[in-house]
Structure formats: C-alpha cells, structure tokens
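*Asks:* Submitted below is the structure of interest, expressed as structure tokens.
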Amino acid sequence: MLQVIRLITVAIFMCHSTVWAADLSTMFTQKSFVQLLFQRLNWDKGLAKETLDRDYLQILGGKRTYTYEAENAFNEATDRVTVRSFTIYGPFTGKGWIMGVSDSTTADFTTLLPIKGEYILQAIIKGNGFIWNIGDKQFSASSNSDTFKVVEVGKTSLKAGVVKIRVTIPPEGAIDSFSFTAPDVTMIQPMAGWRFKEPLTAAQLSEVVVSLTGRHGQLPESNQSTPQKVTVFESATIPSTAAVTKTEEFGKFNSAEWVRADYHGSEIQIPVKSSTAGYFGITANVMGGHITGSVNEVSFDVLSKPYLSIVQLGLFRLESGDNLIKVNLPPMGGIDALYLSAKSIKPTDFLAISGIPGPPERVISFDEADSTLKSIINSNALIR
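Numbering (my numbering), first residue to last: 1405 to 1788.
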C-alpha cells in the first residue's frame, strides 16, 4: 500500500512538473515582446544576423553614436590598402589603421547601422583629397596635417541596416576610424529596465507604450513639495573658461555664488545623483542667449535672457545613481542653479495614460501585446 502511495505521489509531481515546464516554454516573455516590437516596427533591419540580447538593447537604448574601425570594415579581397599598427601618424584607436598606396586607391567599407536618422559622418584621417561616397552623396575631406586628425566629412540621411561606403584615398593617405553621430532618441524600456526571461506585465507594457508615444509629460507631479535644487558652483568642477562670481548686476541668483563663462564660452559639467530612476522636469537659472547642452547625452537647446532668469530645459530621464548634465554657456553667459521636479512614476499612472487595463501585475498575452502595438502604429502615435 505504501509503495502504491509513493508511486501516485511521484506521478502527480511529474505531471505538475510537466505542466510547469510547458507553461515556461510558452510564456510570453519580455524578450518575446521585444522581438514582436522589432518585427512590427521594422527595427530588425538594424540587427546583426546572429542577434544577441545586447543588439536589441542597443537599439532600444536610443544612443546614436556608432564608431567603426577602418581595419575591420574594408574589403580585404579587393582593396589596395595595408593595415598598420605603428604610431608614425600619432595615436590611433582599435588594433590599427589602414594606409593607401603611392597613388590614389579606393576602399569599400561595409558597416551595420542600428537606427535610421540624419547622421554626421566624422573620420580620423591623414592626408588631403579623400572622397567619401555614401549612397548618392559624395563628400570631400582633408586633414591638412601630417598626423591623424578628426575631420567632419558631411551629413547624410541613412536607413537602418547595412551601409556601404566607397572612399577614394589619396596617395599615402591613411584612415584610422570613422563614425556616424546623431542626437539620441527616446529610450524604450520599462522603468526598471528589461528582464528578458521574465513575463511581461500590464505595468511594464504601459511603461513601454508611454515611451513609444512620448507621453511622459502627461505623468502627474510627484508628491514631493519642492523641486530639488542643484547649486552649480558647489556641484560642478569649474573649468578654466569660467569663474565663480557674486556680482548682482545680472539679476537674481539663489545661491551664495554663480558661475560665469569668459569671452570664449564654457562647458559646465554638473554631476547629479538620483536615489531612483525617474522622469524630471529640469529648469535652470541661466543667462547669455543661446544655451545648449545635454542630460545623460540627451540634448537640449534653449534661449535665455541677458540676465539671470529661469528657463525650462525639458523633461528628462535620470537613472538611479550618477547622472551628468552638461550646459554649454555662450561667451559671458552664466548659470546659478538647476531645479529638478520629479514626475510620479506609480504603475497606476502609466496604466491610466496608456489605457492598458490593470492590475499592474497582470501578465500580458501575445495577442494583447500585438493588438496594442498595431493600435499605436495605426494611430501614428509613434515618436521613433
């Protein structure tokens, strides 16, 4: 009898284990959703053939600075160039650089661009008379030096996917690397980041939908009573192109001192710590006219008055821990303080804005995720 009971127990356990394993194998995970997202939005063109998790994360992260080493991108079978690794032309990046021959020659570069956009092409080159052909555009570039120099080649619109470039290299010309750069685009991810092996919940789907449609501005203000003040002269490392001052002739400042650029202008880098990841409306007490900068590499571009006054920089995501805000002051421009106003990031806030039914922990199915994405696409609400 005892043996029978044991057999029944083992059978029940095996049955439950089989069902549990089946549930895991058919579970609609966050990675499943990302793959569906890329398929529906045609973002898969920017993926490598053998796609790794980091390839998805790179595109979802929205960073758009891509650097390619010349020695890895040229066609070894056809290009009349030689890979070198000595520093005759100065420091270089990667494992080496490529050098042309005694006469003019060409190199065919093949690269993968993850995200479409209008990009600035820069190259580290030595020599005069380079010609860069990308699609139907042609750019000329010269270093005007006997050593490697960073040169802006031109600006062009590119689709995600494989990009082919033909470069005419002048006699004895050399190329170290080249890069495509464009302003970063909105990061697409749940507030806590992606967990590819875990199921997708209603809260996470709603957070992604708000990111895809650029509606973080609709989040209510948090319950904190006053914005967090960041005093620039205390928080920033003041460069040689700026100085701390107490002068009162340029309007009201709310710190003991404020920072003013010299007649060259100055980039002020301001570290900011945040206890949690979240979205913050950021304003600044600044002066001097045209002011640019970035928050964690997401750019802003504003106009200020000839005296200290509050200017809205925009709404930005701050990560838990260290963040960096850069403010480019024009000649004789100034900055006193930054003010950070947190948005509420409760799951119920995202559910309300996105229209995704709760509760927050409800697990999302493939059909619901697909229907949600199709609805967003058909409404032309996407911002990327």
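Yeah, the Cβ is synthetic: ideal placement off N, Cα and C, and Gly gets one too.
Please read all numbers here as calculations on a predicted model, not as lab measurements.
Identify every run of the beta strand (DSSP E) within the segment 1632 to 1685, keeping only runs that are complete inside it and at least 3 residues long; order them along the chain.
*Replies:* If we require 3 residues or more, the beta strand (DSSP E) runs fully inside the segment 1632 to 1685 come out as 1632 to 1635, 1646 to 1649, 1662 to 1665 and 1670 to 1678.
*Asks:* Find out if the Cβ-Cβ distance for the pair proline 1575, serine 1506 is shorter than 7 Å.
*Replies:* Result yes, Cβ atoms of proline 1575 and serine 1506 sit closer than 7 Å.
*Asks:* Thinking phenylalanine 1600 and glutamine 1434 are a contact (beta carbons under 8 Å), I'd like their distance in whole angstroms, please.
*Replies:* Their Cβ separation, rounded to whole angstroms, is 5 Å, which keeps phenylalanine 1600 and glutamine 1434 in contact under 8 Å.
*Asks:* With glutamine 1462 as the anchor, note down where its alpha helix (DSSP H) starts and where it stops.
*Replies:* 1457 to 1465 is the span of the alpha helix (DSSP H), which, as asked, contains glutamine 1462.
*Asks:* Determine the burial state of threonine 1651: buried for a count of at least 16 other Cβ atoms within 10 Å of its Cβ, exposed for fewer.
*Replies:* Looking at its Cβ environment, which holds fewer than 16 other Cβ atoms inside 10 Å, threonine 1651 is exposed.
*Asks:* Glycine 1450 by DSSP, collapsed to three states: which one?
*Replies:* Helix at glycine 1450.
*Asks:* Look up valine 1589 in the DSSP assignment and say whether it is helix, strand or coil.
*Replies:* It is coil, neither helix nor strand.
*Asks:* Relative to the alpha-carbon of asparagine 1479, which residue among Arg1458, Thr1509 and Thr1497 has its alpha-carbon at the smallest distance?
*Replies:* The candidate whose alpha carbon is nearest that of asparagine 1479 is Thr1509.
*Asks:* With a threshold of 7 Å on Cβ separation, who are the neighbours of valine 1566 within its own chain once the five nearest residues in sequence on each side are excluded?
*Replies:* Thr1514 and Leu1516.
*Asks:* Terminal residues of the continuous beta strand (DSSP E) containing isoleucine 1780?
*Replies:* Isoleucine 1780 -> not in any beta strand (DSSP E); alpha helix (DSSP H) instead, spanning 1770 to 1782.
*Asks:* Which residue from Ile1492, Lys1559, Ser1547 and Phe1490 puts its Cα closest to that of glycine 1521?
*Replies:* With distances taken between Cα atoms, glycine 1521 lies closest to Lys1559.
*Asks:* According to DSSP, is proline 1751 helix, strand or coil?
*Replies:* The answer is helix: DSSP assigns proline 1751 an H, G or I state.
*Asks:* Which residue marks the beginning of the alpha helix (DSSP H) containing glutamate 1475, and which one marks its end?
*Replies:* Counting along the chain, the alpha helix (DSSP H) containing glutamate 1475 begins and ends at 1474 to 1477.
*Asks:* With a Cβ-Cβ cutoff of 7 Å, do histidine 1668 and threonine 1649 count as a contact?
*Replies:* No, the Cβ-Cβ distance between histidine 1668 and threonine 1649 is not below 7 Å.
*Asks:* What distance in whole Å lies between the Cβ atoms of proline 1735 and alanine 1665, which are believed to be in contact at a cut-off of 8 Å?
*Replies:* About 6 Å separates the two Cβ atoms, so the contact holds.
*Asks:* Along the beta strand (DSSP E) that carries phenylalanine 1432, what are the first and last residues, could you check?
*Replies:* Phenylalanine 1432 -> no beta strand (DSSP E), and no H or E assigned at all.
*Asks:* Return yes when the Cβ of arginine 1570 is within less than 7 Å of the Cβ of asparagine 1537, no when it is not.
*Replies:* In this structure, arginine 1570 lies closer than 7 Å to asparagine 1537 by Cβ.
*Asks:* Measuring alpha carbon to alpha carbon, tell me which residue in Asn1658, Ser1659, Glu1653 and Asn1700 is nearest valine 1676.
*Replies:* Of the candidates Asn1658, Ser1659, Glu1653 and Asn1700, the one whose C-alpha sits nearest the C-alpha of valine 1676 is Asn1700.
*Asks:* First and last residue of the alpha helix (DSSP H) that includes leucine 1616?
*Replies:* Run containing leucine 1616: 1606 to 1617, per the alpha helix (DSSP H) assignment.
*Asks:* With 16 as the cutoff for other CB atoms within 10 Å, does valine 1438 come out buried or exposed?
*Replies:* Valine 1438 comes out buried.
*Asks:* Per DSSP, which residues does glycine 1577 bridge with? Please list them.
*Replies:* Answer is none; glycine 1577 lacks a bridge partner.
*Asks:* What does valine 1694 pair with, by DSSP beta-bridge criteria?
*Replies:* It is histidine, not valine, that sits at residue 1694 in the sequence shown. Beta-bridge pairing links histidine 1694 to Leu1707.
*Asks:* Between glycine 1685 and serine 1549, what straight-line distance do the alpha-carbon atoms span, to the nearest angstrom?
*Replies:* Their backbone Cα atoms lie some 45 Å apart in a straight line.
*Asks:* With DSSP collapsed to three states, give me the class of phenylalanine 1442.
*Replies:* Reduced to three states, the DSSP call for phenylalanine 1442 is helix.
*Asks:* Along the chain, where does the beta strand (DSSP E) that runs through lysine 1530 open and close?
*Replies:* Where lysine 1530 is concerned, the enclosing beta strand (DSSP E) stretches over 1521 to 1530.
*Asks:* How would you write the range of the beta strand (DSSP E) that threonine 1482 sits in, first residue to last?
*Replies:* Per DSSP, threonine 1482 belongs to no beta strand (DSSP E) and is neither H nor E.
*Asks:* Since I believe isoleucine 1695 is in contact with valine 1634 (beta carbons under 8 Å), could you give me their beta-carbon distance rounded to a whole number of angstroms?
*Replies:* Valine 1634 to isoleucine 1695, Cβ: 16 Å. No contact.
*Asks:* Measure the alpha-carbon distance for glycine 1450 versus glycine 1465 and round it to whole angstroms.
*Replies:* Answer to the nearest angstrom: the Cα atoms are 13 Å apart.
*Asks:* What would DSSP say about leucine 1786, mapped onto helix, strand or coil?
*Replies:* In this structure, leucine 1786 counts as coil in the three-state DSSP scheme.
*Asks:* Would you mind reading off the limits of the beta strand (DSSP E) that contains leucine 1712?
*Replies:* Segment: none, leucine 1712 is in no beta strand (DSSP E) and carries neither H nor E.
*Asks:* Which partner residues of lysine 1568 appear in the DSSP bridge assignment?
*Replies:* In the DSSP output, where bridge partners are listed per residue, lysine 1568 has Thr1514.
*Asks:* Assuming serine 1745 is part of the beta strand (DSSP E), what are its boundary residues?
*Replies:* Per DSSP, serine 1745 belongs to the beta strand (DSSP E) from 1738 to 1746.
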